[in-house]
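A.B. asks: Pasting in a structure now, in structure tokens, and then I'll have a few things to ask.
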Amino acid sequence: MALRFYNTLTQRLEEFRPLDGHTVRMYTCGPTVYHYVHIGNFRTFSFQDVLRRVLRMRGWKLFHVMNITDVDDKIIRNAVAEGKSLREYTAPYTEAFLEDAAKLRLERPEKLVFATDHIPDMVEAIRRLAERQHTYESEGSVYFRISSFPEYGKLSHTNFSGNLAGARVDVDEYEKADARDFVLWKARKPGEPYWDTPLGPGRPGWHIECSVMAMKYLGETIDIHTGGVDLIFPHHENEIAQSECITGKPFARFWLHAEHLMVEGQKMSKSLGNFYTLRDILARGWAPEAIRYLLISAPYRKQLNFTFDGLKAAASAIERLRNFQTRLETERFDPGIDEDQEQRAAKALADYHEGLDDDLNTADALGAVFEFIRETNIAMDQGRFRAGNVASAKKLLGDFDLVFDVLRPTLAEGALSDEEVEALLKERTEAKKARDFARADQIRAMLLEKGIVVEDTRDGVRWKRR
RNA sequence: GGCGCGGUAGCCAAGUGGUAAGGCAGAGGUCUGCAAAACCUUUAUUCGCGGGUUCGAAUCCCGCCCGCGCCUCCA
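Residue 24 in numbering that gives the first Met the number 0 is what sits at position 25 of the first sequence, and the numbering runs on without skipping anything.
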């Protein structure tokens, strides 16, 4: 079956293909760089990475734009407090975000865009909205009037015609005509950074940047727009209102939203203070691949509870995968080819891809891979697995790693090089031949200390990094 | 109150009408000079609870209980 995604807009699973039939134009909401992003944020970015990889695996070209929000209330507050310009304040966090993303092996989007580089574009967009009577001005700020857009609420499936019983409404935004109207341009406040524009001195509201940058680089109707579920309302709802009121065309065809990462049953968030950054976890000695695996092994539309037990399980699962890969590469198999094994590989490959096609069901896809590994280990133990079966097994593992990307270990700083390890193992093998087991064990223990696990097998010694 | 996700073994988790994938942990075993490694076997008569539909339900319908998210900045 073809690739299909759950579309928040239609609340249904829909077959996906890009509008122009070959290039997927995708916009993803990136981080606000007022702090280190936490691994909850990275769950969403990891999902986006899986999405990228699967789209390309299905043969589509990809043009993916991610924004970096480098102006907002928190950034301004912190920058002013530290006496820094916006750029001075945000640059290190932007850098840190990109470094962390690289450690998690997240592919770089084709284009990264910064809000503060697009102020004139935003001003122009607001001007066009004003022209079409969607805005009003109050005390130097410009607001979007949601009553001017009858479809408002279609993404979050909320009816805004009645009142919001029980909902919390911002009491200090008294200058708005309607509590649900949102700000496009915020009037300058004393002591805060601002831009002088035809709209008056001030700065952009949060939502307008995404509408403007998405359409500038990807066109008026984009294929895919994604973010965390918390962005459905109001952020994405407002993006739709702004964009569609400007162009009169559908803004995004597919809306994909990642569920939250939880910690102890609650959403991991900066405001709750219950968050871990990638740096926190790496400092405790965990491999970045384990974190990547943990974040992507559960389907993206399910809340995922973060625990260190879960991280340990992820690390062990990666071990199993790598052990199998090592076996495939180092063991000697009898010549010939086993047809049952070929069928097993073909079925596993088909199941793996079908899992991914089904709204990126990574858990299902993984099941196919692990089942294949168990069955193939047995075939190897029983001598039924032949040299001619290596290729199909490698193909499965290769396709697995094209998306999951966890087989290659991250080398720790100060790690022994492959050559150094090989030299020590050669010495150990000679010691063993001379029945000097004390020396052999000493070398093995020393290597283990350096994170190298030595294994003696029928086909000789082999090793791996832990 | 509205909208949305979810409740499957000790933990994570797939499965949306045909008789419970997979991972981790635990327990046995194989191999090995030894082994911490690797590999194998094993672990839910049962899917939050109660009714109903059906030859057949974890899967559909009705009612209930519980957890989480959004409705305010938020991935």
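Virtual Cβ for every residue (Gly too), placed ideally from N, Cα, C.
Bear in mind the structure is a predicted one, so any value in this text is a computation, not a measurement.
1. Is the stretch 232 to 241 touching the stretch 202 to 217, taking contact as three or more C-beta pairs under 8 Å?
2. Determine the direct distance from the alpha carbon of Lys301 to that of Phe274, and round the result to whole angstroms.
3. Taking just the CA atoms, how far does Gln324 sit from Phe384?
4. Roughly how many angstroms separate the alpha carbons of Glu421 and Leu310, rounded to a whole number?
5. Given Ala439, which residues of its chain have a CB within under 7 Å of its CB, disregarding the five upstream and five downstream residues?
6. Applying the criterion that 16 or more other CB atoms from any shown protein chain within 10 Å of the CB defines a buried residue, is Pro203 buried or exposed?
7. Taking only three categories from DSSP, how would you classify Asn6?
8. Would you check whether the ligand NAD has a heavy atom nearer than 8 Å to the C-beta of Phe305?
9. I need the straight-line Cα distance from Asp171 to Pro119, nearest angstrom please.
10. Beta-carbon within less than 6 Å of Pro200's beta-carbon, same chain only, minus the 5 sequence neighbours each way: which residues are those?
11. From the DSSP output, read off the bridge partner residues of Trp184.
12. Just to confirm the assignment, what range does the alpha helix (DSSP H) spanning Ala80 have?
13. Quick one: what's got a C-beta closer than 6 Å to Gly139's C-beta in the same chain, skipping five residues either side?
14. Check each candidate in Ala95, Ala392, Gly29 and name the one with the smallest Cα separation from Met65.
15. In three-state terms, what does DSSP make of Gln265?
16. Roughly how many angstroms lie between the CA atoms of Ser470 and Gly218, to the nearest whole one?
17. According to DSSP, is Arg331 helix, strand or coil?
18. For the alpha helix (DSSP H) holding Ala251, just list the boundary residues, first then last.
19. Excluding sequence positions up to five away, which residues of its chain have a Cβ less than 6 Å from the Cβ of Leu163?
20. For the structure I just gave you, are there three or more beta carbon pairs, one from the stretch 93 to 111 and one from the stretch 131 to 149, closer than 8 Å?
21. First and last residue of the beta strand (DSSP E) that includes Phe113?
22. Kindly list the residues whose CB is nearer than 7 Å to the CB of Gly450, restricted to its own chain and excluding five residues on each side of it in sequence; keep chain order.
23. What would DSSP say about Lys153, mapped onto helix, strand or coil?
24. If you count every other CB in all the chains shown that lies within 10 Å of the CB of Gly227, and 16 or more means buried, which is it?
25. Rounded to the nearest angstrom, what separates Phe399 and Ala286 at their Cα positions?
26. Where does Ile221 sit, in a helix, a strand or coil, going by DSSP?
27. Output yes or no for whether 9 Å exceeds the beta carbon distance between Ala313 and Leu281.
28. Per DSSP, what are the beta-bridge partners of Thr375 in this structure?
29. Please classify Asp19: does DSSP put it in a helix, a strand, or coil?
30. Tell me whether Leu271 sits in a helix, a strand or coil according to DSSP, three-state version.
C.D. replies: Looking at the atomic coordinates:
1. yes
2. The residue labelled residue 274 in the question sits at position 275 within the first sequence. The residue labelled residue 301 in the question sits at position 302 within the first sequence. Phe274 and Lys301 have their C-alpha atoms some 19 Å from each other.
3. Reading the first sequence from its first residue, position 385 is the one you call residue 384. Reading the first sequence from its first residue, position 325 is the one you call residue 324. If I take the Cα positions, the gap works out to 14 Å.
4. As a first step, residue 421 must be located in the first sequence, where it is residue number 422. As a first step, residue 310 must be located in the first sequence, where it is residue number 311. So the two alpha carbons sit approximately 30 Å from each other.
5. For the purposes of this step, residue 439 is identified with residue 440 of the first sequence, where counting begins at 1. Once the five neighbours on either side are set aside, the close Cβ partners of Ala439 are Arg427, Ala430, Lys431.
6. Here residue 203 refers to the residue found at position 204 of the first sequence. Answer is buried; the Cβ neighbour count reaches 16.
7. Counting from one through the first sequence, the residue named residue 6 turns up at place 7. Secondary structure of Asn6 (DSSP, three-state): strand.
8. Of the ligands one can find in the structure shown there are none, so the ligand NAD has no counterpart to examine.
9. Counting from one through the first sequence, the residue named residue 171 turns up at place 172. Counting from one through the first sequence, the residue named residue 119 turns up at place 120. Note that Asp171 scores 44 on pLDDT, short of 50, meaning its location in the model is unreliable; the coordinates nonetheless yield the value given after this. Their Cα atoms are separated by approximately 29 Å.
10. Within the first sequence, the letter at position 201 stands for residue 200. Correct list, in chain order: Arg187, Tyr193.
11. Reading the first sequence from its first residue, position 185 is the one you call residue 184. Answer by DSSP bridge pairing, in chain order: Val141, Pro203.
12. Indexing the first sequence from 1 puts residue 80 at position 81. Note, Ala80: alpha helix (DSSP H), 72 to 81.
13. Translated into the one-based positions of the first sequence, residue 139 becomes position 140. Cβ neighbours of Gly139 beyond the five flanking positions: Ala186, Gly199.
14. Indexing the first sequence from 1 puts residue 65 at position 66. When only C-alpha atoms are compared, the closest one is Gly29.
15. As a working mapping, residue 265 is identified with position 266 in the first sequence. In the structure shown, Gln265 sits in a strand (DSSP, three-state: E or B).
16. Lying before the first or after the last residue shown, residue 470 is absent from the chain, which here runs from 0 to 465.
17. As a position in the first sequence, residue 331 is number 332, starting the count at 1. Coil, per DSSP.
18. In the first sequence, the residue the question calls residue 251 occupies position 252. No alpha helix (DSSP H) holds Ala251; the beta strand (DSSP E) holding it covers 251 to 257.
19. Start at 1 with the first residue of the first sequence, and residue 163 comes out as number 164. Because the pLDDT of Leu163 is 42, which lies under 50, any placement of that residue in the model is unreliable, and the question is left without a value.
20. No, because fewer than three Cβ pairs between the stretch 93 to 111 and the stretch 131 to 149 fall closer than 8 Å, the two stretches do not touch.
21. The residue given as residue 113 occupies position 114 in the first sequence. Start and end: 110 to 113.
22. Here residue 450 refers to the residue found at position 451 when the first sequence is read from its first residue. Cβ within range, chain order: Ala411, Ala414, Arg464, Arg465.
23. Numbered from 1 along the first sequence, position 154 holds the residue referred to as residue 153. Lys153 falls in the coil class under three-state DSSP.
24. Walking along the first sequence from the start, residue 227 turns up at place 228. Answer is buried; the Cβ neighbour count reaches 16.
25. Locating residue 399 in the first sequence gives position 400, counting from the first residue. Locating residue 286 in the first sequence gives position 287, counting from the first residue. Taking the straight line from one Cα to the other gives about 19 Å.
26. Numbered from its first residue, the first sequence carries residue 221 at position 222. In this structure, Ile221 counts as strand in the three-state DSSP scheme.
27. Sequence index remark: in the first sequence, residue 313 carries index 314 (1-based). Sequence index remark: in the first sequence, residue 281 carries index 282 (1-based). Cβ distance not < 9 Å, so Ala313 and Leu281 don't count as in contact.
28. Position 376 of the first sequence, counted from the start, is the residue given in the question as residue 375. In the DSSP output, where bridge partners are listed per residue, Thr375 has none listed.
29. One-based indexing of the first sequence puts residue 19 at position 20. Here Asp19 sits in coil by DSSP.
30. Numbered from its first residue, the first sequence carries residue 271 at position 272. The answer is coil: DSSP assigns Leu271 none of H, G, I, E or B.
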